[in-house]
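**Student:** In terms of the UniProt record's numbering, the sequence shown is residues 1 to 379.
My questions will all concern the structure given below.
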Amino acid sequence: MSRHMRFNEDVFPFRTVTSTTTPTHDFLLPPLLPNVQPNNNIRTPQPTVQQEHPLANPLPIPHPLYPAHLHKFHADGSLSKYKAHLIANGRSQNQTSSSAFLRRVIVSLHGEFAMTNLGSLNYFLGISAQRSSVGFYLSQSTYALEILKRAHMQKCNPCRTPIDTRSKLGVDVQQVCFYMHDPREPHLAALKRILRHLRGTIDHCLRLHVLSTSQLTGYTNVDWAGFSVTRRSTSGYYVFLGDNLLSWSAKQHVTLSRSSAEVEYRGVANVVVGTVWVRNLLHDLHAPLFIATFVYCDNVSVVYLSTNPVQHQRTKHIEIHIHFVRDFVASGQVRVFYVPCGFSMLIYLFTKGLPSALFLEFRFSLNVRRPPGQSVRMY
1 MSRHMRFNED VFPFRTVTST TTPTHDFLLP PLLPNVQPNN NIRTPQPTVQ
51 QEHPLANPLP IPHPLYPAHL HKFHADGSLS KYKAHLIANG RSQNQTSSSA
101 FLRRVIVSLH GEFAMTNLGS LNYFLGISAQ RSSVGFYLSQ STYALEILKR
151 AHMQKCNPCR TPIDTRSKLG VDVQQVCFYM HDPREPHLAA LKRILRHLRG
201 TIDHCLRLHV LSTSQLTGYT NVDWAGFSVT RRSTSGYYVF LGDNLLSWSA
251 KQHVTLSRSS AEVEYRGVAN VVVGTVWVRN LLHDLHAPLF IATFVYCDNV
301 SVVYLSTNPV QHQRTKHIEI HIHFVRDFVA SGQVRVFYVP CGFSMLIYLF
351 TKGLPSALFL EFRFSLNVRR PPGQSVRMY
């Protein structure tokens, strides 16, 4: 609508309601348009669910090996390009009842959606899955091999660590990207070392095995003002459910921090956000956690701030993070613990430069290893 158009509004579309039961409205229609009368005989369909319908009494979702596609169709009957990828897995102590329950769920879904059973799980959303007697081995070897082929380095000599001063691949790639507009020889050497490390770990997988405990644990650490150019900090965290690694993150802060306690507390707030998301997800899957989440950090001030209800003026700028963490600590869902500085925290893989032996040990502790049956090669 143009802002230069001139309007003459002398008729209002609504007038004062004279009846409390039936509202009256005046509609001013142009004479060229047909006289449209409202059809009061149209009844709005009410959603009803019959008791004999397959989804009348929906079954709880089993524990997430069979991949399936839920095909969605347009109104004209054509197939939509979007598909819902599902994985159904029936694993329990009673395998017979679990398989029967899984079949009931699949039959119920077949009655409502058009589905395709793709057989045993081996590839899902770009991640290859290999099943063993202890669990699953997940890897992205196909994606890594594609990157190496683009750089013509699929036959390069592998190396143990991505770089001498840091062991986190994502941070190394971020630093190299800073100089994409004007790369020099040192930047190319760093990029080649990243690809060599990718070549050395192309057959490594993330192992997920059957849980023996429901303890949710988080580790966090921060490299305060570690970037020598901008003096920005880098934080990272891991989240474990039992011995299984569920989520991880490593990123550089966008703002500067003048206090190590401040940046450490921001790191604790980030890992609490991750653990709360996992707890809510498990609750939606009817597998709630009844014990508190343990969060470990190497800063005593952070532990005091998470439990001390007294607010201080010097912590006013991080008050939101403090209240966020403190609410979960007060409700008993999260407990923050201090762990002494040293090479006892796995999170140092994200923020510290480690020797090769310690790097390999920590990587093994994260369940990143070769699947069984492959020959061991020393890189």
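All C-beta atoms, glycine included, are put in the ideal place defined by N, C-alpha and C.
What runs of the alpha helix (DSSP H), each 4 residues or longer, lie entirely inside the stretch 273 to 315?
**Tutor:** Runs found: 300 to 307.
**Student:** Does DSSP put Phe124 in a helix, a strand or coil?
**Tutor:** Within the sequence shown, numbered from 1, the residue matching residue 124 stands at position 124. Phe124: strand per DSSP, three-state reduction.
**Student:** Determine which residues share a DSSP beta bridge with Asp223 and list them.
**Tutor:** Counting from one through the sequence shown, the residue named residue 223 turns up at place 223. DSSP lists Thr234 as partners of Asp223.
**Student:** How would you call Gly111, buried or exposed, if buried means at least 16 neighbouring beta carbons within 10 angstroms?
**Tutor:** Counting from one through the sequence shown, the residue named residue 111 turns up at place 111. Exposed, by the Cβ-count rule.
**Student:** For the beta strand (DSSP E) containing residue 380, name the first residue and the last one.
**Tutor:** Here the chain comprises residues numbered 1 to 379, so residue 380 is not present and cannot be evaluated.
**Student:** Between the C-alpha atoms of Ala269 and Val329, what's the straight-line distance to the nearest angstrom?
**Tutor:** As a working note, residue 269 is residue 269 in the sequence shown. As a working note, residue 329 is residue 329 in the sequence shown. Approximately 11 Å between the Cα atoms of the pair.
**Student:** For residue 387, count the other beta carbons within 10 Å of its own beta carbon; 16 or more makes it buried, fewer makes it exposed. Which is it?
**Tutor:** Not covered by the structure: residue 387. The range shown for the chain is 1 to 379.
**Student:** Report yes if the C-beta distance between Pro371 and Tyr137 is below 8 Å; otherwise report no.
**Tutor:** Here residue 371 is taken as the residue at index 371 of the sequence shown, counted from 1. Here residue 137 is taken as the residue at index 137 of the sequence shown, counted from 1. Closer than 8 Å, so yes.
**Student:** Mapping DSSP to helix, strand and coil, what is Ser257?
**Tutor:** Sequence index remark: in the sequence shown, residue 257 carries index 257 (1-based). If DSSP states are grouped into helix, strand and coil, Ser257 belongs with coil.
**Student:** Tell me, please, whether the stretch 215 to 234 touches the stretch 145 to 156 by the rule of three or more beta-carbon pairs shorter than 8 Å.
**Tutor:** With a cut-off of 8 Å, the stretch 145 to 156 and the stretch 215 to 234 do not count as touching, because too few Cβ pairs lie within range.
**Student:** Mapping DSSP to helix, strand and coil, what is Arg104?
**Tutor:** As a first step, residue 104 must be located in the sequence shown, where it is residue number 104. Reduced to three states, the DSSP call for Arg104 is helix.
**Student:** Using the Cα positions of Lys192 and Ala250, report the straight-line distance between them to the nearest angstrom.
**Tutor:** Along the sequence shown, one-based indexing puts residue 192 at 192. Along the sequence shown, one-based indexing puts residue 250 at 250. Taking the straight line from one Cα to the other gives about 21 Å.
**Student:** Exposed or buried, Leu102, counting other C-beta atoms within 10 Å across all chains shown (16 or more means buried)?
**Tutor:** As a first step, residue 102 must be located in the sequence shown, where it is residue number 102. Leu102 comes out buried.
**Student:** Tell me the rounded alpha-carbon separation between Gly218 and Thr351.
**Tutor:** Taking the sequence shown and counting its residues from 1, one reaches residue 218 at position 218. Taking the sequence shown and counting its residues from 1, one reaches residue 351 at position 351. Using only the alpha carbons, I get a separation of about 15 Å.
**Student:** Taking Tyr338 as part of the beta strand (DSSP E), name the residues at either end of that continuous run.
**Tutor:** Taking the first residue of the sequence shown as position 1, residue 338 is located at position 338. Run containing Tyr338: Val334 to Tyr338, per the beta strand (DSSP E) assignment.
**Student:** Restricting to Cα atoms, I'd like to know which of Glu264, Val273 and Thr275 is closest to Glu304.
**Tutor:** Locating residue 304 in the sequence shown gives position 304, where the first residue counts as 1. According to the sequence displayed, residue 304 carries Tyr and not Glu. Nearest option by C-alpha distance: Glu264.
**Student:** If you measure between the beta carbons of Leu282 and Asn367, is that distance less than 8 Å?
**Tutor:** Translated into positions along the sequence shown, residue 282 becomes position 282. Translated into positions along the sequence shown, residue 367 becomes position 367. Against a cut-off of 8 Å, the Cβ pair of Asn367 and Leu282 comes out as no contact.
**Student:** DSSP on Arg207, reduced to helix/strand/coil?
**Tutor:** For the purposes of this step, residue 207 is identified with residue 207 of the sequence shown, where counting begins at 1. DSSP places Arg207 in strand when its eight states are reduced to three.
**Student:** Under a Cβ-count criterion, where at least 16 other Cβ atoms within 10 Å of its own Cβ denotes burial, should His181 be classed as buried or exposed?
**Tutor:** Numbered from its first residue, the sequence shown carries residue 181 at position 181. Label assigned to His181: exposed.
**Student:** Can you tell me where the beta strand (DSSP E) holding Ala189 begins and where it ends?
**Tutor:** Taking the first residue of the sequence shown as 1, we reach residue 189 at position 189. Where Ala189 is concerned, there is no enclosing beta strand (DSSP E), although the alpha helix (DSSP H) it sits in stretches over Glu185 to Gly200.
**Student:** Could you tell me the alpha carbon to alpha carbon distance between Tyr238 and His323, rounded to whole angstroms?
**Tutor:** As a position in the sequence shown, residue 238 is number 238, starting the count at 1. As a position in the sequence shown, residue 323 is number 323, starting the count at 1. Their backbone Cα atoms lie some 22 Å apart in a straight line.
**Student:** Between Ile320, Ser257 and Leu206, which lies nearest to Val134 when the distance is taken from Cα to Cα?
**Tutor:** Taking the sequence shown and counting its residues from 1, the one referred to as residue 134 is at position 134. It is Leu206.
**Student:** Rounded to a whole number of angstroms, what is the C-alpha to C-alpha distance between Val325 and Ala287?
**Tutor:** Taking the sequence shown and counting its residues from 1, one reaches residue 325 at position 325. Taking the sequence shown and counting its residues from 1, one reaches residue 287 at position 287. Near 23 Å, if we compare the C-alpha coordinates of Ala287 and Val325.
**Student:** Answer yes or no: the CB of Leu206 versus the heavy atoms of the ligand NAD, is any distance below 7 Å?
**Tutor:** Here there are no bound small molecules, and the ligand NAD is not part of this structure.
**Student:** Could you pull out every residue in the same chain whose Cβ sits closer than 7 Å to the Cβ of Leu148, ignoring the five residues on either side in sequence?
**Tutor:** Taking the first residue of the sequence shown as 1, we reach residue 148 at position 148. For Leu148, where only same-chain residues beyond five positions count, the Cβ hits under 7 Å are Gln154, Leu195, Leu198 and Arg199.
**Student:** Given this structure, state the Cα-to-Cα distance separating Leu256 from Phe178, to the nearest angstrom.
**Tutor:** Within the sequence shown, numbered from 1, the residue matching residue 256 stands at position 256. Within the sequence shown, numbered from 1, the residue matching residue 178 stands at position 178. C-alpha separation (whole angstroms): 18 Å.
**Student:** Quick one: grab the DSSP three-state call for Ser249.
**Tutor:** Translated into the one-based positions of the sequence shown, residue 249 becomes position 249. In this structure, Ser249 counts as strand in the three-state DSSP scheme.
**Student:** Taking the alpha helix (DSSP H) that Thr351 falls in, what are its first and last residues?
**Tutor:** Your numbering for residue 351 matches position 351 in the sequence shown. Start and end: Tyr348 to Thr351.
**Student:** Less than 8 Å between the C-beta atoms of Ile202 and Arg266, yes or no?
**Tutor:** The sequence position of residue 202 within the sequence shown is 202, counting from 1. The sequence position of residue 266 within the sequence shown is 266, counting from 1. Cβ atoms of Ile202 and Arg266: not closer than 8 Å.
**Student:** Have a look at Thr230, Phe124, Asn308 and Phe362 and flag the residue whose alpha-carbon is nearest the alpha-carbon of Arg258.
**Tutor:** Numbered from 1 along the sequence shown, position 258 holds the residue referred to as residue 258. When each option's Cα is compared against that of Arg258, the closest is Thr230.
**Student:** Return helix, strand or coil for Asn244, following the three-state DSSP convention.
**Tutor:** Counting from 1 along the sequence shown, the entry for residue 244 is found at position 244. If DSSP states are grouped into helix, strand and coil, Asn244 belongs with the strands.
**Student:** Under a Cβ-count criterion, where at least 16 other Cβ atoms within 10 Å of its own Cβ denotes burial, should Leu125 be classed as buried or exposed?
**Tutor:** In the sequence shown, counting from the first residue as 1, residue 125 sits at position 125. Result: exposed.
**Student:** Excluding the 5 residues preceding and the 5 following Ser235 in the sequence, name in chain order all residues of the same chain whose CB lies nearer than 6 Å to its CB.
**Tutor:** Locating residue 235 in the sequence shown gives position 235, counting from the first residue. Excluding positions up to five away in sequence, the list reads Val222 and Gly267.
**Student:** Between Phe337 and Phe294, which are expected to be in contact by the criterion C-beta below 8 Å, what is the C-beta distance as a whole number of angstroms?
**Tutor:** Start at 1 with the first residue of the sequence shown, and residue 337 comes out as number 337. Start at 1 with the first residue of the sequence shown, and residue 294 comes out as number 294. Correct: roughly 6 Å between the Cβ atoms.
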